[in-house]
Structure formats: structure tokens, C-alpha cells
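A quick write-up on the structure given underneath.
There are 2 protein chains.
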Amino acid sequence: MGELEPFLHQLCDAASAETMRLFRQPMDIVNKDEIKGVSSFDPVTLADKAAEKVIRELIKKNYPDHGILGEEFGEENIDARFCWIIDPIDGTRSFISGLPLWGTLIGLYENGVPIAGIMHQPFTGERYLSDGSQSKLVHMNKSKDIHSSNTQSISDCLLLTTSPKLFMEDELEAFERVEDACKLSRYGTDCYAYVMVASGQVDLVIESKLFIYDIAALIPIIENSGGRVTDWQGNSAAQGGQILAAGNIDIHQQAIELLNSN
Amino acid sequence: MGELEPFLHQLCDAASAETMRLFRQPMDIVNKDEIKGVSSFDPVTLADKAAEKVIRELIKKNYPDHGILGEEFGEENIDARFCWIIDPIDGTRSFISGLPLWGTLIGLYENGVPIAGIMHQPFTGERYLSDGSQSKLVHMNKSKDIHSSNTQSISDCLLLTTSPKLFMEDELEAFERVEDACKLSRYGTDCYAYVMVASGQVDLVIESKLFIYDIAALIPIIENSGGRVTDWQGNSAAQGGQILAAGNIDIHQQAIELLNSN
Chain R
280 MGELEPFLHQ LCDAASAETM RLFRQPMDIV NKDEIKGVSS FDPVTLADKA AEKVIRELIK
340 KNYPDHGILG EEFGEENIDA RFCWIIDPID GTRSFISGLP LWGTLIGLYE NGVPIAGIMH
400 QPFTGERYLS DGSQSKLVHM NKSKDIHSSN TQSISDCLLL TTSPKLFMED ELEAFERVED
460 ACKLSRYGTD CYAYVMVASG QVDLVIESKL FIYDIAALIP IIENSGGRVT DWQGNSAAQG
520 GQILAAGNID IHQQAIELLN SN
Chain W
280 MGELEPFLHQ LCDAASAETM RLFRQPMDIV NKDEIKGVSS FDPVTLADKA AEKVIRELIK
340 KNYPDHGILG EEFGEENIDA RFCWIIDPID GTRSFISGLP LWGTLIGLYE NGVPIAGIMH
400 QPFTGERYLS DGSQSKLVHM NKSKDIHSSN TQSISDCLLL TTSPKLFMED ELEAFERVED
460 ACKLSRYGTD CYAYVMVASG QVDLVIESKL FIYDIAALIP IIENSGGRVT DWQGNSAAQG
520 GQILAAGNID IHQQAIELLN SN
């Protein structure tokens with residue numbers, strides 16, 4: 280299918296033209312769940328839809344036989360060998376709050392297996408990506424390989440999660456067993472948390488209820504930086520759910536044990 | 280005392296040379312509280328100390344009769360008419376986690392009253408400041424006035440706080456009364472939350488146990504953008520403590536009532 284990295288950048292260029300036009304601008308926020316008749320707050324913006332639209336158009340133009348699964352516009356041809364998984368704005372709450380922690384996530388699966396992905400934060404200009412080889416950060420016209428942490432003990436770990444309020448009660452207890460064992464935890468990080476694992480800044484991310492498009496792009500970035508991403512039982516994270524991302528297999532194992540030690 | 284804004288930028292230029300040299304680099308993290316024999320985690324980095332040092336040197340060279348109060352190196356001549364209040368890295372947890380939400384805070388008090396301040400986030404390059412007149416954002420070589428929100432009802436408000444874990448039990452109940460009334464809340468924001476109020480991105484920040492240097496620089500930036508900052512009783516925020524920052528006096532009043540409605 281040709282060289283992948285230039286196409287990943289092309290997708291991000293097109294998407295960010297849409298998202299940055301609306302970031303930190305007044306806009307109507309559509310409450311998706313209000314439309315569905317559900318009470319929780321899950322804001323979607325015009326930027327979300329516009330960005331996914333241009334990404335889908337470019338994929339269809341360049342790879343007409345590939346499948347696409349996106350947050351905003353659903354599934355097309357997802358039984359194809361190659362399938363693109365898109366979250367145009369992961370972290371819509373960050374986006375509408377003006378915080379530079381949201382990202383555009385674009386992943387590529389081959390027969391259901393994550394093989395490549397990119398996370399783009401257009402305000403800071405950071406692009407974290409893996410085309411299947413060593414993960415890298417492209418920023419300010421420079422590209423550098425990134426490596427996850429080699430922290431060996433859970434007691435030395437930095438842990439991120441988006442919000443403890445997103446856990447069910449028994450999940451919160453499991454999360455807190457890990458949190459209490461770590462050196463430091465920090466909230467409010469969305470997809471930015473996972474690229475901090477990939478670049479060795481933090482050691483662990485623990486979340487639940489992720490959709491496939493919340494994690495798809497991030498799996499190759501973390502795994503090809505030296506890290507490990509699974510669900511809380513150690514199985515594949517490729518369909519979302521309860522997610523544990525770790526800088527290496529040692530702290531991954533320690534976190535798995537704590538999550539399941541009730 | 281001459282024109283203030285160029286000096287604020289000069290201080291930030293000097294400080295960011297120190298902080299950015301160490302941001303996202305491996306480094307020894309000194310646990311301040313371990314040194315003091317206290318158990319909670321309050322990391323301080325080499326960058327923190329180096330940045331405050333260069334800020335203090337520039338102030339002493341340019342304004343030898345001014346007082347200085349800094350997080351790292353304490354008080355000097357604080358009974359002077361003009362006193363500088365410095366937090367070289369507000370959000371050390373963000374800093375050591377690689378997140379671009381920390382900031383260098385430099386405020387100026389005249390006879391105990393906040394009159395000017397700057398918040399610099401060197402990784403994104405944003406500088407939010409007020410020299411006593413309309414607040415502004417300087418970013419990418421452009422300067423623009425900023426204005427806080429005119430949201431009129433608490434039910435439409437976006438609320439930020441660093442972590443609900445930082446509240447005492449009765450404070451948490453008060454915070455949650457406001458949180459439950461708001462449209463959306465988000466955690467993990469440190470000083471970045473306050474400049475999001477000043478620039479109209481969010482409506483409210485509620486925190487407690489702030490030190491004077493956590494809030495000093497931010498008071499003029501918010502007040503001169505149209506916002507309001509007080510403690511939870513509506514009194515001066517200039518010494519820290521329980522802090523409420525709001526985009527305007529209407530939602531400030533609604534938040535004060537909820538905080539005190541137990």
C-alpha cells in the first residue's frame with residue numbers, strides 16, 4: 280500500500296484545518312446524548328464532524344477498497360482486509376474548554392490487528408505516530424524516535440487517567456489499588472495520556488469504557504515505543520473497553536495483578 | 280516604574296530558558312515533603328529552583344527596592360511598597376508528567392494589592408498577562424486582548440479544578456454542589472485553568488489550599504479580562520486559600536451561593 284507516514288500526515292493536515300478553525304472559537308455545542316435521550320454529557324462539535332468528513336474522503340480517494348470506522352459517521356466496508364479507525368477529536372471536553380490535550384486519532388487495522396496509527400495535537404503541533412516501525416514524535420519540523428519508560432517498580436510510577444468519575448464502583452476500587460501503589464497520579468488527560476506513555480514521560484494509563492476509536496490509533500504508537508497496551512485482564516485492547524497502557528511489560532504485569540487482586 | 284510589559288516578558292524569557300532545558304528530560308525529582316518529613320507528594324525539580332533564581336536576579340537588578348516572595352527561596356523585603364510574587368513552575372505534577380498545562384507565574388503587588396501579572400506556558404508559547412490594563416494573550420508573535428465569558432447561568436458553565444482529591448471533606452461537598460449545577464467539569468488543569476477563565480474558554484475555577492504564589496499573578500489577568508476572583512466567601516483572594524475564579528460577577532455570585540448553601 281505504499282509508504283504510510285506521508286499519508287498519515289496528509290490526513291492530519293486536512294483534519295487540523297477543520298479542527299483549528301473552530302478551536303477556541305465560539306460555537307454551538309451539540310449534546311449528542313441529549314439527542315439520543317441519554318442524560319450524561321458527551322459534547323460533539325462541528326469540528327468533530329468536519330474533520331472526520333475530510334479524513335474519510337481522503338481515505339476513500341487513496342484506498343477505495345479499505346474499510347472505515349469513525350466516531351461520527353459509523354462503519355463502511357469494515358470486513359475489508361485493511362480498516363481505518365478514526366476519532367476526529369478525542370477529548371471533546373478538552374477541546375471545548377480550550378485545553379491543548381485533545382487529539383485527532385487515526386489508526387489502521389489489518390485483519391483486526393492494529394498496525395499503524397497517529398495522534399495529532401494541532402495546537403501544540405505534536406504528531407506521535409508509528410507506521411509499524413519504531414514510534415516517533417514529529418514536532419517543529421523535527422522527527423525523533425520515542426521510547427517508553429523503563430521504570431521497574433509500581434511504586435515509582437506516574438499514573439494518568441481522564442477522570443475517576445468515569446469508572447463504575449468496582450472499577451474505581453481496582454483503579455485505586457493501582458493509584459495508591461503509584462508515586463503520583465494525575466487526571467484530565469484523554470489521548471494525550473497515551474502518547475506520554477509512548478514517549479516515556481509517564482508509566483501508566485488506566486481507563487474504562489473506551490470505544491474502539493478511542494484506543495485504536497494509540498496501540499501501535501505505544502507498542503512500537505516499547506510499551507504494552509491490553510485490557511485489564513491482559514487481553515487485546517483492539518476493541519476498546521477497560522484499557523491498561525504501560526511503559527513496559529514489568530510494570531504492566533504489576534498493574535494487572537493489582538487490578539485483579541480483589 | 281517604567282513600562283511593565285517588556286519587563287514581564289524579560290522575566291519569562293529568562294525563566295523559560297531554565298524550565299525548557301529540563302522539560303521532558305530525564306531528571307532527578309526532589310520530593311520536597313520527604314525532605315521535610317511529610318508524607319504527601321509535592322515534587323520540586325531543578326527547573327523550579329533555577330527559574331526562580333534568574334527571575335529574582337533580574338528583579339533585584341532592575342528594581343532593587345522591591346520586595347520578593349517566591350515559592351522556592353522565600354521572602355525578601357516584603358514590606359516594600361512593590362512586591363513580586365513568584366511561582367517558577369505552577370503545576371510541577373504536569374511538568375514532570377510532560378503535560379503542557381504548567382506555567383511560570385509572576386505577579387506584582389502594590390501595598391498588598393495585585394496590580395499586574397503574567398502566566399507563561401513555554402512549551403505552547405502562550406503568555407497571558409495584564410500590566411494593569413486590559414488583559415491580553417501574546418502567542419506566536421501576536422498580541423490580542425482577551426475577555427472572560429458572559430455566561431449568565433450556572434447551568435451553562437464549564438468548571439475546572441486541579442483535582443477533587445485536594446479538597447477537605449466539607450470543601451468537597453461545597454465543590455460538588457457547584458459541580459452538579461454546572462454543565463461540564465474537568466480536572467487536572469493547574470494555573471492553565473485560570474487563563475482559560477480569563478480568555479473566556481471556561482467559566483469557573485474552584486480550588487482550595489492555594490498559596491499566595493499560586494494565585495497572585497492570575498488575579499490581575501482575570502480581573503482585567505472582565506472576570507472575578509475571590510475566596511469562597513467573596514473576600515480578597517490576594518493571600519491564597521480557597522479560591523473561586525469566575526468569568527463575570529453573575530456566575531461568581533451564583534457559585535458563592537452554592538458554595539455556602541449547606
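These protein sequence lines are chains R and W, in that order. For the first sequence, this note's numbering gives the first residue as 280, with consecutive numbering after it. For the second sequence, this note's numbering gives the first residue as 280, with consecutive numbering after it. Where a beta carbon is used, it is the ideal one built from N, C-alpha and C, also for glycine. Source: prediction; values computed, not measured.
Rounded C-alpha distance that separates residue i from residue j
{"i": "R:E297", "j": "R:S540", "result": "45 Å"}
{"i": "W:E350", "j": "W:W363", "result": "11 Å"}
{"i": "W:L287", "j": "W:Y407", "result": "11 Å"}
{"i": "R:L270", "j": "R:D529", "result": "With chain R covering 280 to 541 only, the question about residue 270 of chain R has no answer from this structure."}
{"i": "W:S478", "j": "R:V392", "result": "43 Å"}
{"i": "W:E284", "j": "W:M419", "result": "17 Å"}
{"i": "R:R360", "j": "R:Y342", "result": "12 Å"}
{"i": "W:C291", "j": "W:D449", "result": "38 Å"}
{"i": "R:R456", "j": "R:E536", "result": "10 Å"}
{"i": "W:D327", "j": "W:D369", "result": "9 Å"}
{"i": "W:T383", "j": "W:A496", "result": "9 Å"}
{"i": "W:V474", "j": "R:L378", "result": "10 Å"}
{"i": "W:A472", "j": "R:E355", "result": "40 Å"}
{"i": "R:I500", "j": "R:A525", "result": "12 Å"}
{"i": "W:P367", "j": "W:Y492", "result": "9 Å"}
{"i": "W:H399", "j": "R:I385", "result": "31 Å"}
{"i": "W:Q532", "j": "R:Y466", "result": "28 Å"}
{"i": "R:G519", "j": "W:D410", "result": "48 Å"}
{"i": "R:F402", "j": "R:I522", "result": "26 Å"}
{"i": "W:S295", "j": "W:A330", "result": "7 Å"}
{"i": "R:W381", "j": "R:V484", "result": "16 Å"}
{"i": "W:G404", "j": "R:G404", "result": "12 Å"}
{"i": "R:T468", "j": "W:D510", "result": "27 Å"}
{"i": "R:S428", "j": "R:V476", "result": "7 Å"}
{"i": "W:F490", "j": "R:L301", "result": "35 Å"}
{"i": "R:D424", "j": "R:L445", "result": "33 Å"}
{"i": "R:M299", "j": "R:I365", "result": "17 Å"}
{"i": "W:A534", "j": "R:Q431", "result": "45 Å"}
{"i": "R:K339", "j": "W:I334", "result": "54 Å"}
{"i": "R:E486", "j": "W:M447", "result": "25 Å"}
{"i": "R:I494", "j": "W:T441", "result": "25 Å"}
{"i": "R:I498", "j": "R:V508", "result": "6 Å"}
{"i": "W:F352", "j": "W:E282", "result": "27 Å"}
{"i": "R:E458", "j": "R:G513", "result": "18 Å"}
Residue range of the unbroken alpha helix (DSSP H) whose run includes residue i
{"i": "R:R303", "result": "R:R303 -> no alpha helix (DSSP H), and no H or E assigned at all."}
{"i": "R:D358", "result": "It is not in any alpha helix (DSSP H) - R:D358 carries neither H nor E in the DSSP assignment."}
{"i": "W:E536", "result": "I528 to L538"}
Limits of the unbroken beta strand (DSSP E) element including residue i
{"i": "W:P362", "result": "In the sequence under discussion, the amino acid at residue 362 of chain W is Cys, which differs from the Pro named in the question. Counting along the chain, the beta strand (DSSP E) containing W:C362 begins and ends at F361 to D369."}
{"i": "W:L523", "result": "G520 to A525"}
Which listed residue (the options) has its alpha carbon closest to that of residue i
{"i": "R:I375", "options": "W:S487, W:S464 and W:Q512", "result": "W:S464"}
{"i": "R:Q289", "options": "R:A326, R:L301 and R:E336", "result": "R:E336"}
{"i": "R:A460", "options": "R:I433, R:Q512 and R:M447", "result": "R:I433"}
{"i": "R:A395", "options": "R:R507, R:A329, R:L537 and R:E502", "result": "R:E502"}
{"i": "W:Q413", "options": "W:H426, W:E405 and W:F402", "result": "W:H426"}
{"i": "W:I357", "options": "W:S373, W:R372, W:V333 and W:Y388", "result": "W:Y388"}
{"i": "W:V481", "options": "W:S487, W:C470 and W:C436", "result": "W:C436"}
{"i": "R:G505", "options": "R:F490, R:L445, R:K462 and R:K415", "result": "R:K415"}
{"i": "R:E452", "options": "R:Q304, R:K339, R:L538 and R:T371", "result": "R:L538"}
{"i": "W:R303", "options": "W:I334, W:E282, W:R372 and W:D344", "result": "W:R372"}
{"i": "W:K488", "options": "W:L325, W:A516, W:G346 and W:K462", "result": "W:A516"}
Cross-strand partners of residue i (DSSP beta bridge)
{"i": "R:H399", "result": "R:T383 and R:R406"}
{"i": "R:P353", "result": "First, the amino acid is wrong: residue 353 of chain R is Gly here, not Pro. R:G353 pairs with R:G349."}
{"i": "R:V333", "result": "Paired residues: none, contrary to the question."}
{"i": "R:P285", "result": "Paired residue(s): none; R:P285 is not in a bridge."}
{"i": "W:E389", "result": "W:F361 and W:V392"}
{"i": "R:K415", "result": "R:L408 and R:D424"}
- beta strand (DSSP E) segments (min. 3 residues) lying fully within the stretch 418-457 of chain R: 421-424 and 437-440
- Could you give the uninterrupted runs of the beta strand (DSSP E) lying entirely in the stretch 456-517 of chain W, keeping only those of 3 residues or more? Here the runs fully enclosed are 463-466, 483-489 and 507-510.
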